[in-house]
Structure formats: C-alpha cells, structure tokens
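According to this note's numbering, the stretch in the sequence shown is residues 4 to 210, in order. Just so you know, even glycine gets a beta-carbon here, dropped at the ideal spot from N, CA and C. Please read these numbers as outputs of a predicted model, since none were measured by experiment. See below for the structure under consideration.
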Amino acid sequence: MPLLMGTVSRGFSGTHFRRPGPELADRVPPGQYLAAGFPVLTAGTTQHIETGLWSFTIRGGRAEPRWTWDDLLALPAERFTVDIHCVTRWTKLDTTWTGVPLDTLLAEADHDAAFGLAVSYGGYATNLPVAEITGGKAWLVYLYDDEPITPEHGGPVRMLVPGHYLWKSAKWIRELWLMDEDRPGFWEQSGYHNFGDPWRQQRYFND
C-alpha cells in the first residue's frame, strides 16, 4: 500500500470565491467560501489512466473482488447532486455526479473490517472508518455534470465521500484496503485531521 510523498499541484487561477450569505448557513460549513469554478489541488502529478487499463480491487476481505472499467459501467449507477467542501476553504454547491455506490462493491468483499484505506494510481492514499464509506455515504464516480471526469478532477474514476473534506475522496482510485486497525494516508501523515469533518472544521490533527 504505497503512500505518495511528492509535490502538491495547485490550480486556483481563474477561480472566484465569495462569502456565503446567511441563507446558506445550513449548506456551507464554517470558514468556507463559495467557489464559482472547480479548483484543482493534487498531491503529486496528475495521473492519466486509459479506461481500458483501469481497474479497482477491494483487498483485505475474505474475497478480493476486482472490477474493470466495463465491469463498473455494467453495475447499476446513481446520478446524484451534492455539495462538496475542500480543506483549503472552498465549497462548491450542487455538483452532479454519476457512479456506483461503494455499498454495491463492498457487498462482494465478504468482510467485517472497521477501517478502509483508499489507494490511487500514483500512490496517494487516504483513510476513513468503513462506517463513513457505507450506508449511502460514498461512491465510485465516473461522470461529472454528465461528462467523463477529467484527469485533473480524478478521472476516469474517483471516490466521492461528500460528508468529508474533499481530500478524503481519492482521485484515480485503484484499490480499497480493508483493515482491522486504522492507517493514516498521505495528508493524515502530513498533519491533517484523521477524520476531516467540514462542519466541525477538522482541518488539522489537533482541530
């Protein structure tokens, strides 16, 4: 389970931010600004994976199922709209995605693990309790606004966990490791909060 320890690429040029009005207090967490565009923040270099070479494997259960791109597209998908929140203090409202609920995939793993570690092409990793990526809380998504997700935003497939800061939604998802004990990922080892709840402003390890 490699952890990428590289540079951070930022892409905030041309993006405008504004303070949310009081009418959005129930949608925009404290300390966040509304983004007019879709900023890019990446640990390491942007990965470019051809769909014919992409696959996703769940490891650590009694079964270790694997899906190719065609396998994923053959599964029942959901189209849904959610707000997303980045630890760098921007929020984007009403983002629309299409993908497969992680519950559907985890049902094939035959496991009783308490924690998960999502691992990306390129070596990035991030962790969450299994309870935070099940029960309709997480997806593997492949469309954004009904178009293929660009590599800069994690395409061809990324994980999406909108209840947490966006660094928990691993781009270029490749594997999910199921574990009995928690294991911090890239940003968590670098001083960011282990849980990352936007509404509790859990940005850094001591928040």
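Nearest C-alpha to Ala112 among Leu37, Met182, Val122: Met182. Here Asn209 is not bridged, per DSSP, to any residue.
With 16 or more neighbouring CB atoms inside 10 Å of its own CB, His167 falls in the buried class. When DSSP states are grouped into helix, strand and coil, Lys171 belongs to the helix group.
In the structure shown, Glu53 falls within a coil segment according to DSSP collapsed to helix, strand and coil. In the three-state reduction of the DSSP assignment, Phe189 falls in the helix class, which pools H, G and I. For the pair of segments examined, the segment 74–85 was found not to touch the segment 179–197: the number of CB pairs separated by less than 8 Å stays below three. For the alpha helix (DSSP H) assignment, the uninterrupted runs of no fewer than 4 residues enclosed by the segment 84–135 are, from N- to C-terminal side, 105–109. If you look at Ala46, you'll find it in the beta strand (DSSP E) that goes 43–46. Here DSSP, grouped into helix, strand and coil, assigns Arg177 to strand. In the assembly as shown, Glu150 is an exposed residue. Its beta-carbon has fewer than 16 other beta-carbons within 10 Å. Going by C-alpha positions, Ala117 is about 25 Å away from Ile87.
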